[in-house]
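Those sequence lines, one after another, are chains S and H.
Here the first sequence is numbered in this note's numbering, starting from 2 and rising by one per residue.
Here the second sequence is numbered in this note's numbering, starting from 2 and rising by one per residue.
Glycine residues also receive a C-beta, built at the ideal position from the N, C-alpha and C atoms.
Owing to the predicted nature of the structure, the values given are computational and were not obtained by experimental measurement.
Protein chains: 2
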Amino acid sequence: MSIAADLLRGHTDTIILARLMDSDNYGYEINKSILQRTGGDYELKEATLYTAFRRLEQAGCISSYWGDEQTGARRRYYSITTAGRDTYNSLISEWKVAKKMIDSLIETEDKQ
Amino acid sequence: MSIAADLLRGHTDTIILARLMDSDNYGYEINKSILQRTGGDYELKEATLYTAFRRLEQAGCISSYWGDEQTGARRRYYSITTAGRDTYNSLISEWKVAKKMIDSLIETEDKQ
DNA sequence: CGATATACCTCATCTGTCAAGGTATATTAT
DNA sequence: ATAATATACCTTGACAGATGAGGTATATCG
């Protein structure tokens with residue numbers, strides 16, 4: 002988890018928005034789905050997760066509402082907004098550019 | 002430059018070490034080679050560049066010495082150490098892992 | 001002789017991450 | 001019964017990396 006943590010910095014918002022593109026979801030479950038997708042190798046720290054929710058909501062990318070569970074712990078559900086979908090698409094485009102850029106920058110001159 | 006800046010955060014050290022793998026070089030020239038490699042799209046901010054040099058030198062990844070120019074501004078050359086080469090190789094490996102991880106995390110469920 | 005390019009540097013500030021703490025409910029094991 | 005674990009939310013303070021803004025000095029070009 003610590004290995005890749007530095008390199009995933011800056012992708013938190015994209016990762017969360019991606020999980021909300023298909024359907025609304027709540028924090029705990031979003032993080033579990035991230036853990037599952039990475040085969041148990043990575044999940045967001047709770048503080049990072051909730052900080053990102055506040056940031057994304059304030060930016061108008063997501064909205065939230067309390068679930069109506071009759072039993073168990075309460076859940077705050079998040080829903081991606083139209084602006085959030087636009088942001089997500091932009092972030093995906095930026096990632097494609099950044100990926101190529103990084104690849105070209107960390108290569109050495111001589112390849113054998 | 003501002004678009005991809007957030008996504009390149011965390012790769013500064015790798016980018017600099019890569020430029021030193023082939024030969025010693027000095028700060029200003031390293032940054033120009035980064036600018037050239039990205040077709041003018043990206044270069045490190047000076048403060049970022051020199052902060053990274055300090056960090057890398059303190060970590061034992063690079064060493065520095067003053068050039069013996071008889072004319073023009075003085076140049077501080079940097080040389081990658083054996084430890085720096087090891088670090089570089091590790092960072093490259095981590096990047097390969099992180100790249101796949103990010104790709105799998107920012108995908109949406111339904112692909113058409 | 002002023003502007004620009006080369007070449008270095010530091011300090012204060014901002015932002016995102018995260019360790020450490022907290023609350024509350026439900027289930028499972030002892 | 002009760003202790004432990006899982007679910008589910010939250011905040012605060014500290015830290016690290018990036019950066020804007022400032023500085024110094026030399027050489028060249030118009």
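Whose Cβ in chain S lies nearer than 7 Å to the Cβ of residue i?
i, result
"H:Y123", "Given a span of 2 to 113 for chain H in the structure shown, any question on residue 123 of chain H remains unanswerable."
Tell me the DSSP secondary structure of residue i in three-state form.
i, result
"H:T15", "helix"
"S:E108", "coil"
"H:R20", "helix"
"H:T88", "helix"
"S:T49", "helix"
"S:A6", "helix"
"H:T72", "coil"
"S:A99", "helix"
"H:Q113", "For H:Q113, the predicted model reports a pLDDT of 48, less than 50, meaning its position is unreliable; a value from the coordinates is still stated below. In this structure, H:Q113 counts as coil in the three-state DSSP scheme."
"S:I93", "helix"
Using DSSP's beta-bridge definition, name the partner residues of residue i.
i, result
"S:R77", "S:W67"
"S:Y43", "In the DSSP output, where bridge partners are listed per residue, S:Y43 has none listed."
"H:Y27", "H:Y78"
Please list, in chain order, the chain H residues whose beta carbon lies closer than 9 Å to that of residue i.
i, result
"S:I107", "H12, T15, I16, L18, A19, Y89, L92, I93 and W96"
"S:L9", "G11, A99, M102, I103 and L106"
Identify the contact partners of residue i in chain S, using a Cβ-Cβ distance below 9 Å as the criterion.
i, result
"H:T39", "M102, S105 and L106"
So with CB distances below 8 Å, who are the chain H contacts of residue i?
i, result
"S:I35", "L106"
Using a cut-off of 7 Å between C-beta atoms, extract the partners of residue i located in chain H.
i, result
"S:E110", "D23"
Q | Touch test, the stretch 56 to 64 of chain S against the stretch 78 to 93 of chain S, Cβ-Cβ under 8 Å, three pairs minimum | A | Yes, since at least three Cβ pairs between the stretch 56 to 64 of chain S and the stretch 78 to 93 of chain S fall closer than 8 Å, the two stretches touch.
Query raised in the report: When the Cβ atoms of the stretch 27 to 38 of chain H are set against those of the stretch 86 to 97 of chain H, are three or more pairs found closer than 8 Å?
Result: Short answer: they don't touch.
How about the stretch 36 to 46 of chain S and the stretch 98 to 108 of chain H: do they share at least three Cβ pairs that are nearer than 8 Å? With a cut-off of 8 Å, the stretch 98 to 108 of chain H and the stretch 36 to 46 of chain S count as touching, because enough Cβ pairs lie within range.
**Prompt:** Just checking, does the stretch 9 to 16 of chain S make contact with the stretch 50 to 58 of chain S on the three C-beta pairs under 8 Å criterion?
**Reply:** Between the stretch 9 to 16 of chain S and the stretch 50 to 58 of chain S, the count of Cβ pairs shorter than 8 Å is three or higher; the stretches touch.
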